[in-house]
């Protein structure tokens, strides 16, 4: 290889520059947000791990079933039935949108457009709501 | 181990069959996770009758059906007529039934009919032109005849508005939220967003809970009759059998399902 020294040094500088953001932010990852569920209910429609990972797929499924197939009632894996409605079912428990939905979506830099149309719940004031469950 | 080609193919074939067993079993065993719900009104062909003879008995300026619908569905009240959004509204006889006027016959049309507004709304056509032109299938015809809107899919191209001969569709030219009063907002029903087309959906969300459309419920004179045309015992079928009725612009072949008794 001609000019091996220059090339290798150049490559090292290049790699350093490309990975600079990672070095710059090393150890400074912002902690995951604390979420306020805002309900006494112990169990969501499906188990929590599934909801955490797949609530968006579930909501899409609900949307299609309600709007396109006219089916409104969901039987969950626990055997309970729910009305498939973001606005009338989800937000009844997740009544604190800014402290639940928004916190995590902001952290993940995800901007779902649900609330452009669906009306967000009126959030209870901090003093009025006691003993609401909070998730770490 | 000795193995013939025949034996090898047999084992391979059985293995492939075996792979298919589990998905097949799962599909058989899976309970339906979604259902229509026990109290839903189920019909085969939803239709509406506007009985104008009863409507004109109502006091002057009655807009109960319009108000009920627009409050139930968070339809914005936009002062600028160009940006107006409406699901059900009042119009004059010659606008609802254009081309039917004749200088000779007009003298014989009942005065009461001439001067009173008619109620018009989406006709939920059997052959809906809006559905044919929608490039993303955001509007579609349900098996029970309701011409539905899926706002999630609408791209706001307004082909459907151009196709609809009844002007039953409105585009949200601007964000509707500032034009919906917070205190009267129905928090159980969504609003729409800028850039989607909206229209009457025959209250599909109320039907699924066993309720009749909001406009039908609001009319004290029972001018609006809603029901299943496929059911010969339903009120709409009986009223249509007993009364002569007309539809809006039937010559266009859209087969509208809102009938008028004048």
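Residue numbers (our numbering), protein chains in the order written: chain H, 17 to 152; chain U, -3 to 258. No residue lacks a Cβ here, since even glycine has one placed at the ideal position from N, Cα and C.
Please list the partners that residue i has in chain H, where partner means a Cβ-to-Cβ separation under 8 Å.
{"i": "residue 184 of chain U", "result": "103, 104"}
{"i": "residue 202 of chain U", "result": "In chain order: nothing, as chain H lies at least about 11 Å away."}
{"i": "residue 138 of chain U", "result": "86"}
{"i": "residue 73 of chain U", "result": "The contacting residues do not exist; residue 73 of chain U stays about 17 Å from chain H at best."}
{"i": "residue 68 of chain U", "result": "Result: empty, since nearest Cβ-Cβ is about 13 Å, beyond 8 Å."}
Alpha carbons only, please: which of the options is nearest the one belonging to residue i?
{"i": "residue 198 of chain U", "options": "U:157, U:66, U:6", "result": "U:66"}
{"i": "residue 88 of chain H", "options": "U:206, U:235, U:231, U:19", "result": "U:206"}
{"i": "residue 161 of chain U", "options": "U:109, U:50, U:245, U:33", "result": "U:245"}
{"i": "residue 324 of chain U", "options": "U:48, U:185, U:34", "result": "The structure shown does not extend to residue 324 of chain U, since chain U spans only -3 to 258, so no value can be given for it."}
{"i": "residue 69 of chain U", "options": "U:182, U:232, U:255, U:251", "result": "U:182"}
{"i": "residue 152 of chain U", "options": "U:114, U:138, U:170", "result": "U:170"}
{"i": "residue 227 of chain U", "options": "U:140, U:72, U:53, U:19", "result": "U:140"}
{"i": "residue 210 of chain U", "options": "U:61, U:78, U:251", "result": "U:61"}
{"i": "residue 235 of chain U", "options": "U:248, U:255, U:250, U:243", "result": "U:255"}
{"i": "residue 178 of chain U", "options": "U:20, U:33, U:71", "result": "U:71"}
{"i": "residue 83 of chain H", "options": "U:31, U:79, U:77, U:75", "result": "U:31"}
{"i": "residue 238 of chain U", "options": "U:45, U:15, U:2, U:21", "result": "U:45"}
{"i": "residue 93 of chain H", "options": "H:47, H:61, H:76, H:85", "result": "H:61"}
{"i": "residue 129 of chain H", "options": "U:187, U:77, U:126", "result": "U:187"}
{"i": "residue 137 of chain H", "options": "U:86, U:116, U:184, U:155", "result": "U:184"}
{"i": "residue 86 of chain U", "options": "U:63, U:75, U:76, U:79", "result": "U:63"}
{"i": "residue 33 of chain U", "options": "H:49, H:19, H:81", "result": "H:81"}
{"i": "residue 127 of chain U", "options": "U:250, U:1, U:50", "result": "U:250"}
{"i": "residue 156 of chain U", "options": "U:125, U:180, U:138", "result": "U:125"}
{"i": "residue 133 of chain H", "options": "U:83, U:95, U:112, U:150", "result": "U:150"}
{"i": "residue 53 of chain U", "options": "U:112, U:82, U:29, U:19", "result": "U:112"}
{"i": "residue 189 of chain U", "options": "U:118, U:225, U:81, U:159", "result": "U:81"}
Please go through the same chain and pick out, in chain order, the residues whose beta-carbon is closer than 6 Å to the beta-carbon of residue i, but skip the five residues on each side of it.
{"i": "residue 25 of chain H", "result": "none"}
{"i": "residue 33 of chain H", "result": "none"}
{"i": "residue 229 of chain U", "result": "none"}
{"i": "residue 124 of chain H", "result": "none"}
{"i": "residue 112 of chain H", "result": "52, 54, 139"}
{"i": "residue 110 of chain H", "result": "116"}
{"i": "residue 91 of chain H", "result": "97"}
{"i": "residue 247 of chain U", "result": "none"}
{"i": "residue 77 of chain H", "result": "none"}
So residue i contacts chain U; which residues on that side make the cut at Cβ distance below 7 Å?
{"i": "residue 87 of chain H", "result": "30, 31, 32"}
{"i": "residue 134 of chain H", "result": "186"}
If the cut is a Cβ gap below 9 Å, which residues of chain H does residue i touch?
{"i": "residue 146 of chain U", "result": "79, 80, 83, 84"}
{"i": "residue 181 of chain U", "result": "135"}
{"i": "residue 135 of chain U", "result": "Result: empty, since nearest Cβ-Cβ is about 11 Å, beyond 9 Å."}
Give me, in chain order, the residues of the same chain whose beta-carbon lies closer than 8 Å to that of residue i; leave out the 5 immediate sequence neighbours on both sides.
{"i": "residue 240 of chain U", "result": "257"}
{"i": "residue 208 of chain U", "result": "37, 199, 202, 222"}
{"i": "residue 146 of chain H", "result": "With a pLDDT of 45 at residue 146 of chain H, under the threshold of 50, the modelled position of that residue is not reliable, and no figure is offered here."}
{"i": "residue 17 of chain H", "result": "23"}
{"i": "residue 135 of chain H", "result": "103"}
{"i": "residue 114 of chain H", "result": "139"}
Ordered along the chain, which non-local residues of its own chain (more than five positions away) have a Cβ less than 7 Å from that of residue i?
{"i": "residue 142 of chain U", "result": "42, 120, 197, 198, 200"}
{"i": "residue 110 of chain U", "result": "89"}
{"i": "residue 143 of chain H", "result": "Below a pLDDT of 50, predicted positions are generally treated as unreliable, and residue 143 of chain H, at 49, falls in that range; no measurement from the model is reported."}
{"i": "residue 92 of chain U", "result": "114, 116, 244"}
{"i": "residue 73 of chain U", "result": "175"}
{"i": "residue 29 of chain H", "result": "none"}
Could you work out which residues of chain H lie near residue i, taking near to mean beta carbons separated by less than 7 Å?
{"i": "residue 189 of chain U", "result": "132, 133"}
The ligand FMN and residue i: does any heavy atom of the ligand fall closer than 6 Å to the residue's C-beta?
{"i": "residue 182 of chain U", "result": "Among the components modelled here there is no ligand, and therefore nothing to report on the ligand FMN."}
Which runs of the beta strand (DSSP E) at least 3 residues long sit entirely within the stretch 184 to 225 of chain U? Give them in chain order. 220 to 224, all fully within the stretch 184 to 225 of chain U.
Does the stretch 101 to 114 of chain H come close enough to the stretch 25 to 44 of chain U that 3 or more CB-CB pairs lie under 8 Å? As far as the Cβ criterion goes, the stretch 25 to 44 of chain U does not touch the stretch 101 to 114 of chain H, which means the pair count is below three.
Segment contact, 8 Å Cβ cut-off, at least three pairs: the stretch 213 to 232 of chain U with the stretch 171 to 185 of chain U: In the pairwise beta carbon analysis, the stretch 213 to 232 of chain U is classified as not touching the stretch 171 to 185 of chain U: fewer than three pairs are separated by under 8 Å.
The stretch 152 to 167 of chain U contacting the stretch 182 to 193 of chain U, beta-carbon criterion three pairs below 8 Å: By the criterion of at least three beta-carbon pairs nearer than 8 Å, the stretch 152 to 167 of chain U is in contact with the stretch 182 to 193 of chain U.
Is there contact between the stretch 142 to 157 of chain U and the stretch 124 to 134 of chain U, where contact requires at least three CB pairs shorter than 8 Å? Touching, per the Cβ criterion.
At 4 residues or longer, and completely inside the stretch 75 to 142 of chain U: list those alpha helix (DSSP H) runs for me, N to C. As summarised for the stretch 75 to 142 of chain U, the continuous alpha helix (DSSP H) elements at least 4 residues long and confined to that stretch are 89 to 92, 107 to 111, 125 to 129, given in chain order.
Does the stretch 48 to 65 of chain U touch the stretch 115 to 127 of chain H, meaning 3 or more C-beta pairs lie closer than 8 Å? Cβ pair count under 8 Å is below three, so no.
Under 8 Å: do the stretch 53 to 71 of chain H and the stretch 7 to 24 of chain U share three or more Cβ pairs, one atom per stretch? Taking 8 Å as the limit for Cβ pairs, the verdict is that the stretch 7 to 24 of chain U does not touch the stretch 53 to 71 of chain H.
Ordered list of alpha helix (DSSP H) runs contained in the stretch 36 to 85 of chain H, each at least 4 residues: Whole alpha helix (DSSP H) segments, 4+ residues: 36 to 40, 64 to 85.
Residue ranges of each alpha helix (DSSP H) within the stretch 81 to 137 of chain H, 4 or longer: 117 to 123, 130 to 133, all fully within the stretch 81 to 137 of chain H.
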